[in-house]
Every structure is written in C-alpha cells, then in structure tokens.
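Undergrad: Quick note: the sequence shown uses this note's numbering, first residue 911, plus one each step.
Before anything else, here's the structure in question.
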Amino acid sequence: GLMVDNMVAAGIDPDDVDLVLVTHLHPDHCYGLVGEGNAPVFKNARVGCTRLEWDYWTDVKKLELDDFRAKWVEGTIACLAPYRDRIVFVDEAREIVPGARAKITPGHSVGHSVYVFESGGSSLMSLWDCTHHAVH
C-alpha cells in the first residue's frame, strides 16, 4: 500500500512509468495498479504479463467457484480494467523492450514469469515469487 509514496520519495513520478511488468496476477502483485475509485496508478503505462496468466486470472467462469479464486478473479479483472487496451503479452521468443526478456516459470501461478534485464554485459534476473517457500 505504500508503493506510490515510496516511488515519489525516491523521485519517481508514476506518470513517467510507461511499462509495468507483472510476474503474475495474484492480489499482492497487481491490485496496486489501481488507486482510489479504481483509477490507474500508472496513467501512461502498459502492463506486461503472460497470456496464460491473463487467461487464467481473468476467466469470468471462475467467478462461480466456491473458493478463493472467485474473489481473486473479481479483483484482478477490476484492477486491470483501466489497462485493458494497454496489456502487453510477454513470452520468451522476443524482447519486451531492448534488454528485457521474460522467462516463463509456472508453478507458483499457472503463467508465472521472471524477467531478465541485460545491459553493458551485465544481467539481472528478477525472480519474485518463483523461489519463495516457508523453508526460506
């Protein structure tokens, strides 16, 4: 709940963000894309995720389930609604933007991905929930 405050404190204007890469569409990873009244936090951004993740967590048939998924699907649809025409489906076959690629890592979620960023001969892999477990 403090993402925007922390960005602003770091000198980052959310209106300057043009791409948000989401590893998966669980509530703690995508609900922060909207603020009060479901207004987009990143007014000028595209949102990237895998097609498989999108299809799973925006499937309206899951609204009829009698478990946590119904609420999660409802929330995911609502928080992605302002970005609906700005969704970018990522895959391993092509760069998302220069120096950024997705690696598909299903398990934690059906379409989970991690991102690899390369620049100047160095690389960084952003794992997110790919490696978390109570043991760690």
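Here a beta-carbon is modelled for each residue, glycine too, at the ideal position from N, C-alpha and C.
Quick one: what's got a C-beta closer than 8 Å to Pro937's C-beta in the same chain, skipping five residues either side?
TA: Trp982, Gly985 and Thr986
Undergrad: Using 10 angstroms around the beta-carbon of Ile1006, count the other beta-carbons present and answer buried if the total reaches 16, otherwise exposed.
TA: buried
Undergrad: What's the gap between the Cα of Asp976 and the Cα of Asp969?
TA: 15 Å
Undergrad: Which residues share a DSSP beta bridge with Cys959?
TA: Phe999
Undergrad: What is the DSSP secondary structure of Phe1027, counted as helix, strand or coil?
TA: strand
Undergrad: Around the C-beta of Ala955, are 16 or more other C-beta atoms found within 10 angstroms, so that it is buried, or is it exposed?
TA: Ala955 counts as buried, since at least 16 other C-beta atoms from the protein chains shown sit within 10 angstroms of its C-beta.
Undergrad: How would you call Ser1023, buried or exposed, if buried means at least 16 neighbouring beta carbons within 10 angstroms?
TA: buried
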